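K.L.:
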Amino acid sequence: YVLAISLLATVAHVRLFMIGHDCAHQSYLPRKGWLNIMGTNFGMVIYYGALISFFGLESVLLVFAPILLMSSTIAVWLFYVQHQFDEAYWEREETWDYRDATLKGSSFYNLPRWLHWATGNIGYHHLHHLNPKIPNYKLATCHYSDPMLQEGKSITFWESFRLANLALWDESARRLISFAEFDRTSEPTR
176 YVLAISLLAT VAHVRLFMIG HDCAHQSYLP RKGWLNIMGT NFGMVIYYGA LISFFGLESV
236 LLVFAPILLM SSTIAVWLFY VQHQFDEAYW EREETWDYRD ATLKGSSFYN LPRWLHWATG
296 NIGYHHLHHL NPKIPNYKLA TCHYSDPMLQ EGKSITFWES FRLANLALWD ESARRLISFA
356 EFDRTSEPTR
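Everything in the sequence shown is counted per the numbering used here, starting at 176 for the first residue and increasing by one.
As C-alpha coordinates, this is what we get:
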(Lines of atoms letter the chains of each structure in order from A and count residues from 1; the text may use other names and numbers.)
(Lines give C-alpha, C1' and ligand atoms only; values in the text may rest on other atoms or scores of the structure.)
Protein backbone atom coordinates (compact mmCIF):
# COMPACT_ATOMS: atom_id res chain seq x y z
CA TYR A 1 0.00 0.00 0.00
CA VAL A 2 2.75 2.45 0.91
CA LEU A 3 4.42 2.13 -2.50
CA ALA A 4 1.12 2.66 -4.33
CA ILE A 5 0.19 5.70 -2.25
CA SER A 6 3.72 7.13 -2.56
CA LEU A 7 3.57 6.80 -6.33
CA LEU A 8 0.15 8.46 -6.46
CA ALA A 9 1.36 11.22 -4.12
CA THR A 10 4.35 11.92 -6.34
CA VAL A 11 2.18 12.11 -9.45
CA ALA A 12 -0.29 14.41 -7.69
CA HIS A 13 2.41 16.77 -6.46
CA VAL A 14 4.02 16.97 -9.90
CA ARG A 15 0.58 17.77 -11.34
CA LEU A 16 -0.32 20.33 -8.69
CA PHE A 17 2.98 22.11 -8.16
CA MET A 18 4.77 21.88 -11.49
CA ILE A 19 2.02 21.71 -14.10
CA GLY A 20 -0.76 23.32 -12.07
CA HIS A 21 1.44 26.24 -11.03
CA ASP A 22 2.30 27.04 -14.64
CA CYS A 23 -1.33 26.74 -15.70
CA ALA A 24 -2.27 29.23 -13.00
CA HIS A 25 0.03 31.70 -14.75
CA GLN A 26 -1.68 30.86 -18.06
CA SER A 27 1.60 29.86 -19.65
CA TYR A 28 -0.08 26.77 -21.16
CA LEU A 29 -3.71 27.79 -21.49
CA PRO A 30 -5.65 30.87 -22.51
CA ARG A 31 -7.21 32.85 -19.68
CA LYS A 32 -9.51 30.37 -17.97
CA GLY A 33 -8.47 30.96 -14.37
CA TRP A 34 -11.79 30.18 -12.69
CA LEU A 35 -12.24 26.90 -14.56
CA ASN A 36 -8.66 25.95 -13.78
CA ILE A 37 -9.12 26.55 -10.05
CA MET A 38 -12.45 24.73 -9.87
CA GLY A 39 -11.13 21.86 -12.00
CA THR A 40 -8.13 21.45 -9.70
CA ASN A 41 -10.32 21.56 -6.58
CA PHE A 42 -12.76 19.05 -8.04
CA GLY A 43 -9.90 16.78 -9.12
CA MET A 44 -8.37 16.90 -5.64
CA VAL A 45 -11.67 15.98 -3.96
CA ILE A 46 -12.09 13.01 -6.33
CA TYR A 47 -8.44 11.96 -6.03
CA TYR A 48 -8.16 12.12 -2.24
CA GLY A 49 -11.67 10.76 -1.77
CA ALA A 50 -10.78 7.72 -3.88
CA LEU A 51 -7.53 7.18 -1.98
CA ILE A 52 -9.28 7.41 1.40
CA SER A 53 -12.12 5.11 0.37
CA PHE A 54 -9.71 2.54 -1.10
CA PHE A 55 -6.88 2.60 1.49
CA GLY A 56 -8.50 4.24 4.53
CA LEU A 57 -7.84 7.61 6.14
CA GLU A 58 -5.08 6.36 8.44
CA SER A 59 -3.02 4.82 5.61
CA VAL A 60 -3.38 7.91 3.44
CA LEU A 61 -2.36 10.19 6.32
CA LEU A 62 0.64 7.99 7.19
CA VAL A 63 1.96 8.57 3.67
CA PHE A 64 0.78 12.11 2.94
CA ALA A 65 1.50 13.77 6.31
CA PRO A 66 5.29 13.25 6.13
CA ILE A 67 5.34 14.18 2.42
CA LEU A 68 3.34 17.34 3.10
CA LEU A 69 5.46 18.27 6.12
CA MET A 70 8.73 17.73 4.27
CA SER A 71 7.67 19.42 1.02
CA SER A 72 6.16 22.39 2.88
CA THR A 73 9.33 22.83 4.93
CA ILE A 74 11.49 22.72 1.81
CA ALA A 75 9.19 25.14 -0.04
CA VAL A 76 9.23 27.67 2.80
CA TRP A 77 13.03 27.37 2.97
CA LEU A 78 13.46 27.88 -0.77
CA PHE A 79 11.30 31.00 -0.89
CA TYR A 80 12.68 32.45 2.36
CA VAL A 81 16.38 32.25 1.52
CA GLN A 82 15.82 33.71 -1.93
CA HIS A 83 14.60 36.95 -0.38
CA GLN A 84 16.93 37.03 2.64
CA PHE A 85 20.47 37.98 1.68
CA ASP A 86 22.85 40.71 2.83
CA GLU A 87 22.34 43.20 0.00
CA ALA A 88 18.63 42.57 -0.60
CA TYR A 89 16.72 45.44 -2.18
CA TRP A 90 14.51 47.25 0.31
CA GLU A 91 13.28 50.73 -0.58
CA ARG A 92 10.65 53.10 0.62
CA GLU A 93 7.71 53.71 -1.70
CA GLU A 94 8.98 57.03 -3.08
CA THR A 95 12.30 55.51 -4.25
CA TRP A 96 11.09 51.99 -5.07
CA ASP A 97 11.83 50.79 -8.62
CA TYR A 98 10.14 47.76 -10.23
CA ARG A 99 13.20 46.56 -12.18
CA ASP A 100 15.54 46.90 -9.21
CA ALA A 101 13.04 45.24 -6.89
CA THR A 102 12.71 42.36 -9.35
CA LEU A 103 16.39 41.75 -9.99
CA LYS A 104 17.85 42.83 -6.64
CA GLY A 105 15.02 41.95 -4.24
CA SER A 106 15.27 38.22 -4.79
CA SER A 107 18.29 36.12 -5.57
CA PHE A 108 19.35 33.53 -8.09
CA TYR A 109 19.57 30.38 -5.97
CA ASN A 110 22.39 28.61 -7.79
CA LEU A 111 21.54 25.03 -6.91
CA PRO A 112 23.13 21.88 -8.31
CA ARG A 113 21.53 20.97 -11.64
CA TRP A 114 19.53 18.04 -10.23
CA LEU A 115 18.05 20.31 -7.52
CA HIS A 116 17.04 22.86 -10.15
CA TRP A 117 15.19 20.03 -11.87
CA ALA A 118 13.68 18.63 -8.64
CA THR A 119 12.41 22.05 -7.54
CA GLY A 120 10.95 23.11 -10.88
CA ASN A 121 13.76 25.66 -11.36
CA ILE A 122 12.77 27.63 -8.27
CA GLY A 123 16.37 28.91 -8.11
CA TYR A 124 15.40 31.29 -10.92
CA HIS A 125 12.66 32.81 -8.74
CA HIS A 126 13.89 36.35 -9.45
CA LEU A 127 12.68 35.94 -13.04
CA HIS A 128 9.22 35.01 -11.76
CA HIS A 129 9.01 38.50 -10.26
CA LEU A 130 9.99 40.03 -13.59
CA ASN A 131 7.42 38.02 -15.56
CA PRO A 132 5.26 35.39 -13.82
CA LYS A 133 4.13 34.00 -17.19
CA ILE A 134 7.55 32.46 -17.89
CA PRO A 135 7.02 28.71 -17.40
CA ASN A 136 9.48 26.94 -15.09
CA TYR A 137 11.03 24.93 -17.92
CA LYS A 138 12.04 28.18 -19.71
CA LEU A 139 13.52 29.98 -16.68
CA ALA A 140 17.14 28.80 -17.09
CA THR A 141 17.18 29.66 -20.79
CA CYS A 142 15.70 33.06 -20.01
CA HIS A 143 18.22 33.70 -17.19
CA TYR A 144 21.22 33.05 -19.42
CA SER A 145 19.77 34.82 -22.49
CA ASP A 146 20.37 38.37 -21.24
CA PRO A 147 23.27 39.67 -19.08
CA MET A 148 20.87 42.12 -17.39
CA LEU A 149 18.98 39.16 -15.91
CA GLN A 150 22.19 37.95 -14.26
CA GLU A 151 22.90 41.24 -12.43
CA GLY A 152 21.20 40.22 -9.19
CA LYS A 153 22.63 38.36 -6.24
CA SER A 154 23.61 34.74 -6.77
CA ILE A 155 23.65 32.46 -3.73
CA THR A 156 24.76 28.86 -3.40
CA PHE A 157 23.14 26.02 -1.52
CA TRP A 158 25.75 26.11 1.28
CA GLU A 159 25.73 29.91 1.52
CA SER A 160 21.96 29.85 2.02
CA PHE A 161 22.37 28.33 5.50
CA ARG A 162 24.22 31.45 6.68
CA LEU A 163 21.63 33.72 5.07
CA ALA A 164 18.77 32.05 6.92
CA ASN A 165 19.76 34.00 10.05
CA LEU A 166 19.25 37.40 8.42
CA ALA A 167 16.05 38.88 9.79
CA LEU A 168 16.45 42.64 10.38
CA TRP A 169 16.88 45.51 7.93
CA ASP A 170 19.66 47.92 8.96
CA GLU A 171 18.60 51.30 7.55
CA SER A 172 22.00 52.95 7.97
CA ALA A 173 24.00 50.07 6.44
CA ARG A 174 21.23 49.35 3.87
CA ARG A 175 21.46 45.60 4.32
CA LEU A 176 19.91 42.70 6.21
CA ILE A 177 21.54 41.62 9.46
CA SER A 178 21.03 38.85 12.00
CA PHE A 179 19.76 39.31 15.56
CA ALA A 180 23.27 38.42 16.78
CA GLU A 181 24.81 41.17 14.64
CA PHE A 182 22.19 43.61 15.90
CA ASP A 183 23.09 42.72 19.51
CA ARG A 184 26.80 43.27 18.78
CA THR A 185 26.38 46.61 17.01
CA SER A 186 23.46 48.28 18.79
CA GLU A 187 23.78 50.54 21.77
CA PRO A 188 22.11 49.34 24.94
CA THR A 189 18.82 51.06 25.80
CA ARG A 190 18.25 52.54 29.21
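No residue lacks a Cβ here, since even glycine has one placed at the ideal position from N, Cα and C.
These numbers come from a predicted model, not from an experiment.
State the DSSP-derived secondary structure class of Tyr-169, mapped to helix, strand or coil.
P.N.:
Lying before the first or after the last residue shown, residue 169 is absent from the chain, which here runs from 176 to 365.
K.L.:
When you compare only the Cα positions, how much space is there between Ala-250 and Glu-362?
P.N.:
Roughly 37 Å separates the two Cα atoms.
K.L.:
Using DSSP with H/G/I as helix, E/B as strand and the rest coil, what is Gln-201?
P.N.:
For Gln-201, the pLDDT reaches just 49, beneath the cut-off of 50, and the residue's location in the model is therefore unreliable, leaving the point undetermined.
K.L.:
Which term fits Gly-298, buried or exposed, when burial requires 16 or more other beta carbons within 10 angstroms of its beta carbon?
P.N.:
Burial call: buried.
K.L.:
Short check: CB of Tyr-255 to CB of Gly-280, under 8 Å?
P.N.:
Not a contact, by the Cβ cut-off of 8 Å.
K.L.:
Would Lys-328 pass as a contact of Glu-269 if the rule is Cβ separation under 8 Å?
P.N.:
Contact flag unset, no.
K.L.:
What span of residues does the beta strand (DSSP E) with Ser-329 cover, start to end?
P.N.:
Segment 329-331, the beta strand (DSSP E) holding Ser-329.
K.L.:
How many Å lie between Trp-252 and Ile-352 at the Cα?
P.N.:
Roughly 18 Å separates the two Cα atoms.
K.L.:
Take His-300 and list the residues in its own chain whose beta-carbon comes closer than 6 Å to its own, dropping the five residues that flank it on each side.
P.N.:
Around His-300: Gln-257, Ser-281.
K.L.:
Please state the DSSP three-state secondary structure of Ala-348.
P.N.:
Note: Ala-348 maps to coil in three-state DSSP.
K.L.:
Please confirm if the region 336-354 is in contact with the region 284-299, defined as three or more CB-CB distances below 8 Å between the two stretches.
P.N.:
Because the criterion of three Cβ pairs below 8 Å is not met, the region 336-354 and the region 284-299 do not touch.
K.L.:
Let me confirm a value: Ile-212 is counted as buried when at least 16 other C-beta atoms fall within 10 Å, else exposed. Which label applies?
P.N.:
So Ile-212 counts as exposed.
K.L.:
Rounded to a whole number of angstroms, what is the C-alpha to C-alpha distance between Asp-321 and Asp-275?
P.N.:
Asp-321 and Asp-275: Cα-Cα distance of roughly 16 Å.
K.L.:
Please give me, in chain order, every unbroken run of the alpha helix (DSSP H) with length at least 4 that falls completely inside the region 225-263.
P.N.:
Counting only runs of 4 or more, we get 232-256.
K.L.:
CB-CB under 6 Å to His-291, same chain, minus the five flanking residues each way: which ones, in chain order?
P.N.:
Cβ within range, chain order: Gly-298.
K.L.:
When you compare each of Tyr-284, Leu-302, Val-238, Arg-267 to Glu-278 by their alpha carbons, which one comes out closest?
P.N.:
Strictly speaking, residue 278 in this sequence is Leu, with Glu absent from that position. Cα-wise, what sits closest to Leu-278 is Leu-302.
K.L.:
Given a threshold of 16 other Cβ atoms within 10 Å of its Cβ, counted over all protein chains shown, does Thr-294 qualify as buried or as exposed?
P.N.:
With 16 or more other Cβ atoms within 10 Å, it is buried.
K.L.:
Could you spell out where the alpha helix (DSSP H) holding Ser-361 opens and where it closes?
P.N.:
First-last for Ser-361: undefined, no H or E at that position.
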